[in-house]
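Student:
2 protein chains.
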Amino acid sequence: MNSIMSALAEPNRLQIVELLRFGPRPVGDISERLRIRQPQVSKHLRVLSDAGLVEVQPLANLRIYKLRPQRFQELDAWLDSFRSMWDERFDRLDGYLNELQAQENKDSDKK
Amino acid sequence: MNSIMSALAEPNRLQIVELLRFGPRPVGDISERLRIRQPQVSKHLRVLSDAGLVEVQPLANLRIYKLRPQRFQELDAWLDSFRSMWDERFDRLDGYLNELQAQENKDSDKK
DNA sequence: CGAGAATATTCTTGTCAAGGAATATAAATG
DNA sequence: CATTTATATTCCTTGACAAGAATATTCTCG
Chain A
0 MNSIMSALAE
10 PNRLQIVELL
20 RFGPRPVGDI
30 SERLRIRQPQ
40 VSKHLRVLSD
50 AGLVEVQPLA
60 NLRIYKLRPQ
70 RFQELDAWLD
80 SFRSMWDERF
90 DRLDGYLNEL
100 QAQENKDSDK
110 K
Chain B
0 MNSIMSALAE
10 PNRLQIVELL
20 RFGPRPVGDI
30 SERLRIRQPQ
40 VSKHLRVLSD
50 AGLVEVQPLA
60 NLRIYKLRPQ
70 RFQELDAWLD
80 SFRSMWDERF
90 DRLDGYLNEL
100 QAQENKDSDK
110 K
């Protein structure tokens, strides 16, 4: 999860990923559209690839990059653990305040 | 979106967010549980707060932090634009290869 | 009001990562 | 095989940022 986040934290990489939503593209195409110099695009694609977010498929002279759904599914699954937040009313200070209350009860017992 | 990602890219901050899933907590509590020194926790919470991921609610001497669902919903919405990926079979090189094919047709016309 | 607890801020330092420029590699093609 | 095109890699410099240490701030309570 951490690798996903840090890969997507870089603005240019986020743009690349968003561009690849529309389909696989070779490096040069990405470079042109996003106005990023080719070496930087290659480097960013390296990072994205290491993070498992994209994969490459050689085609003749070109290297065609495309998204790998898997990691995005993981991100989706991770988000799941937060979804209860906006369903249930979670702002009642549930977790900690129970402890706090227990603590205060103990104090008042001591009195 | 970028601010969300870069806020969550830092491992300790990700941990903090994951801890806050279970409910609001004051700084000291976070510091203890995650074994992170208090000043760093405060600094990380600052970043998370600036990114809109958490909000604070003072209670006596304490400052109780909790997650703000809004930004997580945005992240969820962003992920939506990728969901078509793992439904449809998206590895057929749709986008670019159409262009490429068009290009090659043009070339063969020239012949 | 003074002391102590909880939290925030400042300053400094070291590390890492991104961009630029140049170069290396690989495949295509005449 | 030489050249061109597409892409990757290396080296260097610079800026951002995280951690540590020290200190400031805010609130509570006797």
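Order-wise, the sequence lines are chains A and B. Residue numbering for the first sequence follows numbering that gives the first Met the number 0, beginning at 0 and increasing consecutively. Residue numbering for the second sequence follows numbering that gives the first Met the number 0, beginning at 0 and increasing consecutively. From the three backbone atoms N, C-alpha and C, an ideal C-beta is built for every residue, glycine too.
1. Distance, Cα to Cα, A/E9 vs A/A50?
2. Would you say B/A8 faces chain A, with C-beta separation under 8 Å as the test?
3. Counting contacts by CB-CB distance shorter than 8 Å, is A/L13 in contact with chain B?
4. Using only the alpha-carbon positions, how far apart do A/D75 and B/K65 sit?
5. To the nearest angstrom, how far is it from the Cα of A/P68 to the Cα of A/L52?
6. Name, please, each residue of chain B whose Cβ falls closer than 8 Å to the Cβ of A/Q72.
7. Tell me the DSSP secondary structure of A/I29 in three-state form.
8. For the stretch 47-76 of chain B, which residues have a CB atom closer than 7 Å to at least one CB atom of chain A, in sequence order?
9. So, for A/V113: in the same chain, excluding its five sequence neighbours on each side, which residues have a beta-carbon less than 8 Å away from its beta-carbon?
10. Measuring straight from C-alpha to C-alpha, what distance separates B/E17 and A/V55?
11. Please decide whether A/R32 counts as near chain B, where near means a Cβ-Cβ distance under 8 Å.
12. CB-CB under 6 Å to B/L78, same chain, minus the five flanking residues each way: which ones, in chain order?
13. Thinking C-alpha only, which one of A/R12, A/M0, A/L19 is nearest B/S80?
14. When the Cα atoms are used, what is the spatial distance from A/Q14 to A/L33?
15. Count the other CB atoms within 10 Å of the CB of A/A59; is the residue buried (16 or more) or exposed (fewer)?
16. Is the separation between the beta-carbon of A/V46 and that of A/R12 shorter than 8 Å?
17. Among A/Q72, A/N1, A/I35, A/M0, whose alpha-carbon lies nearest the alpha-carbon of B/W85?
Tutor: Quick look at the numbers:
1. 13 Å
2. yes
3. yes
4. 21 Å
5. 8 Å
6. W85
7. helix
8. I63, K65, L66, P68, F71, Q72, L74, D75
9. Residue numbering for chain A in the displayed model covers 0 to 110; residue 113 of chain A lies beyond these limits and cannot be assessed.
10. 32 Å
11. no
12. none
13. A/L19
14. 8 Å
15. exposed
16. yes
17. A/Q72
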